[in-house]
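Visitor: For reference, the structure I am asking about is given below.
Protein chains in written order, with this note's numbering: chain A, 478 to 798; chain B, 105 to 265.
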């Protein structure tokens, strides 16, 4: 079909107005990007637009959910039976371990009470489901079906049955976005379980490994060492498995050792995850302690015969003779 | 009148479907092969009906895609604007290319788009993506003839109805 517009745009078109418009739009986009990078406009815009964005996420997550359902529906009985059997064995094993642990945990609780620390072994968690949505950030993000209406807050650690997965970075009313520990811009403080060495594990470029770039040369680190969260930094509670070291090599600078670790959590395939509710206590200098003196009830009696100040609390029990 | 409206809805529907497809993940190992759907659909429309696609529309689609993606506001707006501008500028020539040449042109456009994205991400402080990240433009170019024919066919049918 011939259009009138075609004649006005010749083969070697070069109208200045179009170029000018392009420059204006590009400049606008650049300004938006800079402002967003500085002020985080996008998140605010997203939380106001959540009424539109969230249904679209649910819609886009349908194919992944459908595929999951179909794979269950069409997998043969043998497969399901063997999987059921395996899960049953796992549960039995876990229960046996738990029963043995219960006594130890009770003892631990008791000892900790004696020591007056507040770390507890209780887990306060919330089960969330992963929505299969691709957010275009090289696949280092997960979307969960719970949001601020369900009490999810940014910064909450996310774990699965095997270890730490990541942390919540953005919350919409019914959706939360999780940054995985394998994200190159994510760092998690860890300790090596065998030696107690504290270090930091970063995400890696290829997306399914962790990198520990600055281990001292003298430190004893070898493949197979388990990494646990150290609790330093106060974001992740201590003692959760993070990964297992696969290889150690000296860094190219020769000043450190670099280790590669595989995440303990099933980062790629988890469909259900747990949101941890109680955050680790921030480690650092302790808060100001109120000056401790003799109990106020003793005060008047120690003041004795001298005139007590008018603001002094009334004496309930006679502590004096 | 209703034909006009149907056309309008069809146009909006394809763009919305492209945005939705952008969000749908491909399973496991196939994930890096996902083409950049909004760019392909915008390219189709800018080649086929110039009066519908403008830089402003590309900008708006990009902004909406950014809100959905949540990576960086304005990133896709910039990329889609650049892409649409080039496509509109060379539209008269691109339209009369044989299909394989058109697919090559689409490949060049999509590669250019990836390079733009890489520049933006690097400036924003992201790390260098893995090599598999570069597969997407090739998949997009390989899919282009099929997408083009499919959309053309559907459009012709809708016109006939």
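No residue lacks a Cβ here, since even glycine has one placed at the ideal position from N, Cα and C. Since this is a predicted model, take the numbers as computed values, not measurements.
When the Cα atoms are used, what is the spatial distance from residue 576 of chain A to residue 137 of chain B?
Guide: Taking the straight line joining both Cα atoms gives about 47 Å.
Visitor: With 16 as the cutoff for other CB atoms within 10 Å, does residue 188 of chain B come out buried or exposed?
Guide: Buried.
Visitor: Touching or not, the segment 661 to 672 of chain A and the segment 696 to 710 of chain A, by the rule of three or more beta carbon pairs under 8 Å?
Guide: Output reads yes: the segment 696 to 710 of chain A touches the segment 661 to 672 of chain A.
Visitor: Are residue 544 of chain A and residue 131 of chain B closer than 8 Å when you measure CB to CB?
Guide: Result yes, Cβ atoms of residue 544 of chain A and residue 131 of chain B sit closer than 8 Å.
Visitor: Can you pull the chain B neighbours of residue 514 of chain A, defined as C-beta to C-beta under 8 Å?
Guide: Result: 176 and 228.
Visitor: Within 8 Å of any Cβ in chain A, is that where the Cβ of residue 157 of chain B sits?
Guide: No, because no Cβ of chain A sits closer than 8 Å to the Cβ of residue 157 of chain B.
Visitor: By Cβ distance, which residues of its chain are closer than 6 Å to residue 664 of chain A, with the 5 residues on each side in sequence left out?
Guide: Closer than 6 Å at Cβ, skipping near neighbours: 677 and 679.
Visitor: Determine, using beta carbons only, whether residue 191 of chain B and residue 220 of chain B come nearer to each other than 8 Å.
Guide: No, these two residues do not count as a Cβ contact at 8 Å.
Visitor: Could you give the distance in angstroms between the alpha-carbon of residue 605 of chain A and the alpha-carbon of residue 127 of chain B?
Guide: Taking the straight line from one Cα to the other gives about 20 Å.
Visitor: Please confirm whether residue 534 of chain A and residue 636 of chain A have their CB atoms less than 8 Å apart.
Guide: Contact: no.
Visitor: Under the three-state reduction of DSSP, which class applies to residue 585 of chain A: helix, strand or coil?
Guide: Note: residue 585 of chain A maps to helix in three-state DSSP.
Visitor: Quick check on residue 209 of chain B: buried or exposed, where buried means 16 or more other Cβ atoms within 10 Å of its Cβ?
Guide: So residue 209 of chain B ends up on the buried side.
Visitor: Provide the residue span of the beta strand (DSSP E) that contains residue 752 of chain A, from first to last.
Guide: That run of the beta strand (DSSP E) goes 749 to 753.
Visitor: Of the choices A/621, A/642 and A/753, whose alpha-carbon is the least far from that of residue 740 of chain A?
Guide: Here the closest residue by C-alpha is A/642.
Visitor: Please classify residue 647 of chain A: is it buried, with 16 or more other beta-carbons within 10 angstroms of its beta-carbon, or exposed?
Guide: Buried: at least 16 other Cβ atoms inside 10 Å.
Visitor: If you measure from the beta carbon of residue 202 of chain B to each beta carbon in chain A, is any gap under 8 Å?
Guide: Not an interface residue.
Visitor: Excluding the 5 residues preceding and the 5 following residue 745 of chain A in the sequence, name in chain order all residues of the same chain whose CB lies nearer than 8 Å to its CB.
Guide: Closer than 8 Å at the Cβ level, and outside the excluded window around residue 745 of chain A, lie 685.
Visitor: Measure from the C-beta of residue 173 of chain B to each C-beta in chain A and report whether the shortest distance is under 8 Å.
Guide: Closer than 8 Å: yes.
Visitor: Taking C-beta pairs closer than 7 Å, name the residues in chain B that residue 498 of chain A reaches, listed in chain order.
Guide: The contacting residues are 159.
Visitor: Can you give me, in chain order, the residues of the segment 525 to 558 of chain A that have a beta carbon less than 9 Å from any beta carbon in chain B?
Guide: Those residues of the segment 525 to 558 of chain A that come within reach of chain B (Cβ to Cβ, closer than 9 Å) are 526, 529, 530, 533, 534, 536, 537, 538, 539, 540, 541 and 544.
Visitor: Using DSSP with H/G/I as helix, E/B as strand and the rest coil, what is residue 745 of chain A?
Guide: It is coil, neither helix nor strand.
Visitor: Under 8 Å: do the segment 511 to 522 of chain A and the segment 163 to 178 of chain B share three or more Cβ pairs, one atom per stretch?
Guide: Contact between the segment 511 to 522 of chain A and the segment 163 to 178 of chain B is present, because at least three Cβ pairs lie under 8 Å.
Visitor: For residue 610 of chain A and residue 592 of chain A, what's the separation of their Cα atoms in angstroms?
Guide: Residue 610 of chain A and residue 592 of chain A: Cα-Cα distance of roughly 47 Å.
Visitor: For the beta strand (DSSP E) containing residue 464 of chain A, name the first residue and the last one.
Guide: This structure does not reach residue 464 of chain A, given that chain A is present from 478 up to 798, and the question cannot be answered.
Visitor: Quick one: give me the first and last residue of the beta strand (DSSP E) that residue 467 of chain A is part of.
Guide: Coverage of chain A is limited to positions 478 through 798, which leaves residue 467 of chain A absent and any answer about it impossible.
Visitor: Are at least three pairs of beta-carbons, each pair with one atom in the segment 569 to 589 of chain A and one in the segment 717 to 733 of chain A, less than 8 Å apart?
Guide: Cβ pair count under 8 Å is below three, so no.
Visitor: Identify every residue that forms a DSSP beta bridge with residue 736 of chain A.
Guide: For residue 736 of chain A, which the question treats as bridged, DSSP gives the partners A/689 and A/725.
Visitor: Given that a residue counts as buried once 16 or more other Cβ atoms are within 10 Å of its Cβ, and exposed if not, what is residue 791 of chain A?
Guide: Confidence is the limiting factor: at residue 791 of chain A the pLDDT is only 44, short of 50, which leaves the residue's position unreliable, though a coordinate-based value still follows. Looking at its Cβ environment, which holds fewer than 16 other Cβ atoms inside 10 Å, residue 791 of chain A is exposed.
Visitor: For the beta strand (DSSP E) containing residue 646 of chain A, list its first residue and its last residue.
Guide: Per DSSP, residue 646 of chain A belongs to the beta strand (DSSP E) from 641 to 648.
Visitor: Would you kindly work out how many angstroms separate the C-alpha atoms of residue 558 of chain A and residue 566 of chain A, rounded to a whole number?
Guide: Using only the alpha carbons, I get a separation of about 12 Å.
Visitor: Which residue marks the beginning of the alpha helix (DSSP H) containing residue 666 of chain A, and which one marks its end?
Guide: Element bounds for residue 666 of chain A: not the alpha helix (DSSP H) but the beta strand (DSSP E), 664 to 669.
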